[in-house]
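Structure, as structure tokens:
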Amino acid sequence: MPKAYPWNSILQPVHHDNTKCTEGNNIEKQYLRQGTGGKPLCKHCQRLDVAGQ
Ligand SMILES: [Zn+2]
């Protein structure tokens with residue numbers, strides 16, 4: 009299960025925690041931050057997490 013430590017982009021209003029999330033994977037390095045940033049979980053990650061992917 010590719011669930012990972014949460015990360016977020018300073019350009020997005022959500023955080024990611026699933027390495028299969030395309031949005032989460034497309035974040036450019038200079039905008040990438042570790043942790044949730046106090047933002048809600050991305051809906052795509054949430055779906056993947058619930059599906060156990
Ligand atoms: Zn995501």
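Note that the sequence shown covers residues 9 to 61 in our numbering.
For every residue, glycine included, the Cβ atom is placed at its ideal position computed from N, Cα and C.
Grab me the residues of residue i's own chain with a C-beta within less than 6 Å of its C-beta, minus the 5 sequence neighbours each way, in chain order.
i	result
cysteine 53	His24, Asp25, Asn26, Cys29
leucine 19	Tyr39
Among residues of its own chain, excluding the 5 on either side of residue i, which ones have a beta-carbon nearer than 7 Å to its beta-carbon?
i	result
methionine 9	In this prediction, methionine 9 has a pLDDT of 47, which is less than 50 and means its spatial position is unreliable; what the coordinates show is noted afterwards. Same-chain partners within the cutoff: Gly60.
leucine 56	Asn26, Lys28, Cys29
How close, in whole Å, do the beta carbons of residue i and residue j come, if the pair is a contact with beta carbons under 8 Å?
i	j	result
valine 22	leucine 49	7 Å
CB residue i to CB residue j, shorter than 8 Å?
i	j	result
glutamine 42	tryptophan 15	yes
Got a list of residues with beta-carbon closer than 7 Å to any non-hydrogen atom of ligand 1, in chain order? Working through the chain, the matches are Val22, His24, Asn26, Cys29, Glu31, Gly32, Cys50, His52, Cys53.
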